[in-house]
Amino acid sequence: MSFDSQLKTIKHMSFDSQLKTIKQNWLLVLLIVVLIGGLNFFKVNDLSYSKIATDTMEESFAMGKGIVPSYDGSFAPEVQQREITKTSFLTTEISRGSFYEKDLEIKNLVEDRKGLITNENRNKIDNNKRSYLTSSYTIKIPVENYENLLVELKKLGDIESFTENKDDITEQKLDIQNQLAAERSRLANYQKILTEAKTAEEKLQVTDRIFYQERTIKYLEDALKSATEKVSYSTIYLTINEKKSNFTSTAFITLSSIIGSFISSINYLIKFLVIIVPWTVVIYIIYRIKKRN
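Right, dumping it as structure tokens:
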């Protein structure tokens, strides 16, 4: 028998013996297959839930902890209806003695135009024993009444300073709305996954994601509400200063200053006499001598 024939015979016998061994141990082989399949199943399952925990870690998880995303305030030129916020800073000087009257007038003007004074700070300033009153107000006013109220406030007295800022937050508001819609959709997906979770560990993991997702949505809702209020209401920072007394900078003459001036005058007089008297005596003597001759 040739070498090739012997090799084929050995291979055939080896294969037959291996097959016979497998048939005799089929139960063990089946058990190994089941174990491998089960491990792969749990591995895939764990990976699916791990993805839930990581796909929003940098965005949703961060906002859930109170970190609201920042917006660059882009212009968004494609939007026709602009979202504009208005803020004004007005300082005016009112006549002396009219402070309480003007204070009441301001509050009536704001109330008549459905506005609200959210902060008021009143001070009495003493300057060289001459005091005057000053007060500052933070006024929130519906945007439709903003211009009218501003005109009336400018009539309170002499305007010392006025600044008006307008800010276009159209893109910022659109970004918040889009982000909010995406986060709500993500929350719905989490809730669906929770109903399909099998083990307690899976349910706990998804529940944590839902908790942070709900916090994310709450922060975005607050940000959207704040942006809407900025557009609906304008802000006026008003300061009124009572006119200072004309005598505030006047320096009254005191007894000590009078005495000091008198002593200084005597000193100058003495110096004058010390210088003039000797020369006067000399001149007089010369005059008498010449007269005798």
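In this note's numbering, each residue's number is its place in the sequence shown (first place is 1) plus 434. We put the beta carbon where it would ideally sit given N, CA and C, even for glycine.
If you look at K574, you'll find it in the beta strand (DSSP E) that goes 564–576. Its chain contains R547 as the residues whose beta carbon lies nearer than 6 Å to that of N579, once the 5 sequence neighbours on both sides are disregarded; these appear in chain order. Going by DSSP, T519 is part of the beta strand (DSSP E) stretching over 518–528.
A residue is called buried once 16 or more other Cβ atoms fall within 10 Å of its Cβ, and K659, having fewer, is exposed. Following the DSSP letters along the chain, one finds L672 inside the beta strand (DSSP E) bounded by residues 667–676.
Using a C-beta cut-off of 8 Å, the region 551–566 makes no contact with the region 639–655, since fewer than three inter-stretch Cβ pairs fall below that distance.
When only Cα atoms are considered, V585 and S595 end up about 14 Å apart. Going by beta carbons, T519 and V640 fall outside the 8 Å limit. Between I575 and L583, the C-beta spacing is below 8 Å. The DSSP assignment places 604–630 as complete runs of the alpha helix (DSSP H) inside the region 592–636, in order along the chain (cut-off: 4 residues).
A distance below 8 Å separates the beta carbons of S570 and N555. By alpha-carbon distance to S522, the top candidate from W713, E598, A631 is E598.
Setting aside the 5 residues that flank it on each side, N557 is surrounded in the same chain by T568, each with a C-beta closer than 6 Å to its C-beta; the list follows chain order. The Cβ atoms of E527 and N675 lie closer than 8 Å to each other.
In terms of CA proximity to A661, K607 leads the group V708, K632, K607.
Nearest C-alpha to K588 among T604, L621, I670, R618: I670.
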